[in-house]
Amino acid sequence: MKMKEIKLLDLQAAYAKHRKEIDERIGRVLNHAAFVLGPEVLELEKALAAFTGVRHVVTCSSGTDALLMALMAKGVGPGDAVFTTPFTFIASAEVIARLGARPVFVDIDPVTKNIDPAWLKEKIKEIESQGKFKPRAVIPVDLFGLPADYENINRIAAENGLFVLEDAAQSFGASSGNRRAGALAEIAATSFFPAKPLGCFGDGGAIFTDDENLQKLLLSIRVHGQGETKYDNIRLGLTGRLDTIQAAILLVRLKALPEELESRRRIAAMYDKALKGVVEIPVVPEGYASAWAQYSIESPCRQAILDVFKQENIPCAVYYTKPLHLQKVFADLGHREGDFPGAEASAQRILSLPMHPYLTDEQVHYVADTLVRAVERAGSGSRQ
Ligand SMILES: *Cc1c(COP(=O)(O)O)cnc(C)c1O
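So in this note's numbering, the last one in the sequence shown is 389, and the numbering has no gaps at all.
Structure follows, in C-alpha cells:
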C-alpha cells in the first residue's frame, strides 16, 4: 500500500478528528450570532487561564498583536531599548520598532537556540553605558516550542529594572519546571496561527498576566482604548479582538491539546533515536518540556538533505534563513555579518522536519531513513 502524503502540518486531519464537536460549536455561534466578543471568547479565556495557571488571559487578533498590546500596555515607546533574539520570526522585533522603541539583539545559546542570558547581561550594560536608550524590557522567544532560560532571564531583568515579555507563540503547552509556557514571565504572548501548537483555523492570539491592572489596560487597548464605554476613548488602542468563531474552534482544539502534545513528543523521540549521531538533534535541557512546534536539526550537509527531500517529496522548512539583524527592514540598526555568530551559524545549518500530531510511525521512519541516507551520501561524496 502506498504511504499517505507527508505534510509539514495537517489541519485537515486535526479537523477530521474533532469534526462533530467543531461543527457543533461553530453552529452554536452562527445561531446566537454574537460574532464579536461572544460568550465563547470569555469561556476560552477562562479555559486558557486554567490550563496555564495564569490569573488573567486576554485573547486577541494574532500573536503579533498580543506582543504589540503587551508592549503598549507597558507604555513602551521612543527612547526605550527592548532586548530580543535575532533568531526568530520577524514579529518578535517588529512590534518593538513599530512602537518607535529600539530593538536590541542578543545572540542565542547555540545549544537551545534561545537567548543567551550571559549576552543579555552584557548588552544591558552596554546600552546603559551608551546612555542613548533606556533598557526597558526583554522579549525572550521560546523557539520551536522550547522555553527560554527564564530563571536567569527574569533574574537579570529584575536586577536591571526591566520587565520580561515571554514570546510563547511557538511554545503553548510547553513547560519549564512546574510552570507552563505563558506563565514564565510577568507577561506572555502566544499565537493561535494554524501552524502553532495550539492553532485555530485563522488568526488569533492571547496575552497572559497575573497583574490585574495590566489586564484592564489590555482590555481597553483591545477595543480602541475604550474607557467606561466603547465611545469613551481614553488612550490609543487597536481593533485587537479574537473572532468568536475562532474562540469556539479553540475550545475544542484546547481539549485535544494534551493528546496532540503527547503525539508530538512521541514523534520527536522517534526522530531522536533515528537521527542521533547523524545530525545535531534538538536538545531539551533537564526540567523542560518542549511543545515541539518544530523538530529542527542542524547539519553542515543541509543542502544535500534538501535536495534528497525534494526528490522524495518530503516537505521541510528552514526557520530562519536570515537572522533579523541582517534583514533589510532593520538596516538602520547598522548590523553586519558576524555580529551574532550563534544565530548566523544556525541560519546556515538548521532544518525543520515534518512535525504534527497526525504523522504515522511509517511516515516518521521514512523521513528519518531518507535523511540518514542523504547524510551518508553527502559524507561519502565529500571524501572523494
Ligand atoms: C508566529 C509567531 C509570532 C506571530 O504570531 P502571529 O499570530 O502570526 O501574528 C510571533 N513570534 C513568534 C516567535 C512566532 O513564531
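Glycine included, every Cβ here is placed at the ideal spot set by N, Cα and C.
7 Å Cβ shell around glutamine 389 - same chain, five flanking residues per side excluded: Looking up residue 389 in the sequence shown gives position 384. Only weak support is given to the placement of glutamine 389: the predicted model assigns it a pLDDT of 44, under 50, and the value that follows is read from those uncertain coordinates. None.
In whole angstroms, what is the alpha-carbon distance linking leucine 280 and leucine 222? Reading the sequence shown from its first residue, position 275 is the one you call residue 280. Reading the sequence shown from its first residue, position 217 is the one you call residue 222. Cα-Cα distance, rounded: 47 Å.
Proximity to proline 91 [Cα-Cα], best of Glu342, Arg60 and Ala55: Walking along the sequence shown from the start, residue 91 turns up at place 86. Residue Glu342 is the option with its Cα nearest to proline 91.
Regarding glutamine 175 and ligand 1, is the C-beta to nearest heavy atom distance less than 7 Å? As a first step, residue 175 must be located in the sequence shown, where it is residue number 170. Result yes, Cβ under 7 Å from ligand 1.
Local conformation of valine 257 per DSSP, three classes: By 1-based counting over the sequence shown, the position of residue 257 is 252. Three-state DSSP puts valine 257 in a helix.
Just to confirm before moving on: does the CB-CB distance between alanine 75 and arginine 107 stay below 8 Å? Along the sequence shown, one-based indexing puts residue 75 at 70. Along the sequence shown, one-based indexing puts residue 107 at 102. No, the pair does not count as a contact, with Cβ atoms beyond the cut-off.
Please indicate yes or no: does the CB of aspartate 248 lie closer than 7 Å to some heavy atom of ligand 2? This structure simply doesn't include ligand 2; it includes ligand 1 instead.
Outcome for tyrosine 236 when other beta-carbon atoms lying within 10 angstroms are tallied against a minimum of 16: Numbered from 1 along the sequence shown, position 231 holds the residue referred to as residue 236. Counting Cβ neighbours within 10 Å, tyrosine 236 comes out exposed, since fewer than 16 surround it.
Bridge partners of tyrosine 293, per DSSP? The residue you call residue 293 lines up with position 288 of the sequence shown. Partner(s): Ser181.
Buried or exposed (CB count within 10 angstroms, at least 16 for buried), serine 181: The sequence position of residue 181 within the sequence shown is 176, counting from 1. Flag for serine 181 reads buried.
Counterpart residues of cysteine 65 in DSSP-defined beta bridges: Translated into positions along the sequence shown, residue 65 becomes position 60. For cysteine 65, which the question treats as bridged, DSSP gives the partners Gly210.
Go through the stretch 75–107 residue by residue and report every complete run of the alpha helix (DSSP H) that reaches 4 residues or more, in order. 96–103
Closer than 7 Å to a non-hydrogen atom of ligand 1 - does that hold for the CB of glycine 150? Residue 150 sits at position 145 when you count from the first residue of the sequence shown. Glycine 150: no, Cβ never under 7 Å from ligand 1.
Can you tell me which of Ile113, Gly136 and Glu133 puts its alpha carbon nearest to the alpha carbon of isoleucine 144? Within the sequence shown, residue 144 is the residue found at index 139, counting from 1. Ranking Ile113, Gly136 and Glu133 by Cα distance to isoleucine 144 puts Ile113 first.
Closest residue to glycine 292 among Phe138, Asp154, Ala211 and Thr244 (Cα-Cα distance): Working through the sequence shown from its first residue, we reach residue 292 at position 287. Answer by Cα proximity: Asp154.
Glutamine 308 versus arginine 354: straight-line alpha-carbon distance, rounded: As a first step, residue 308 must be located in the sequence shown, where it is residue number 303. As a first step, residue 354 must be located in the sequence shown, where it is residue number 349. So the two alpha carbons sit approximately 9 Å from each other.
Measure the CB-CB distance between aspartate 147 and alanine 179 and report whether it falls below 8 Å. For the purposes of this step, residue 147 is taken as residue 142 along the sequence shown, with counting starting at 1. For the purposes of this step, residue 179 is taken as residue 174 along the sequence shown, with counting starting at 1. Yes, the Cβ-Cβ distance between aspartate 147 and alanine 179 is below 8 Å.
Any idea if histidine 361 is buried or exposed, counting beta-carbon neighbours within 10 angstroms, 16 or more meaning buried? As a first step, residue 361 must be located in the sequence shown, where it is residue number 356. Buried.
DSSP puts glutamate 303 in a beta bridge; with which residues? Here residue 303 is taken as the residue at index 298 of the sequence shown, counted from 1. Glu285 and Ile355, per the DSSP bridge assignment.
Below 7 Å, is the gap between the Cβ of glycine 68 and the nearest heavy atom of ligand 1? By one-based count along the sequence shown, residue 68 stands at place 63. Checking the Cβ of glycine 68 against ligand 1 gives yes.
To the nearest angstrom, report how far apart alanine 162 and arginine 24 are at their CA atoms. Working through the sequence shown from its first residue, we reach residue 162 at position 157. Working through the sequence shown from its first residue, we reach residue 24 at position 19. Cα to Cα, the separation comes out at about 45 Å.
Stretch-stretch touch, CB-based, cutoff 8 Å, three pairs: the stretch 243–254 with the stretch 205–215: yes
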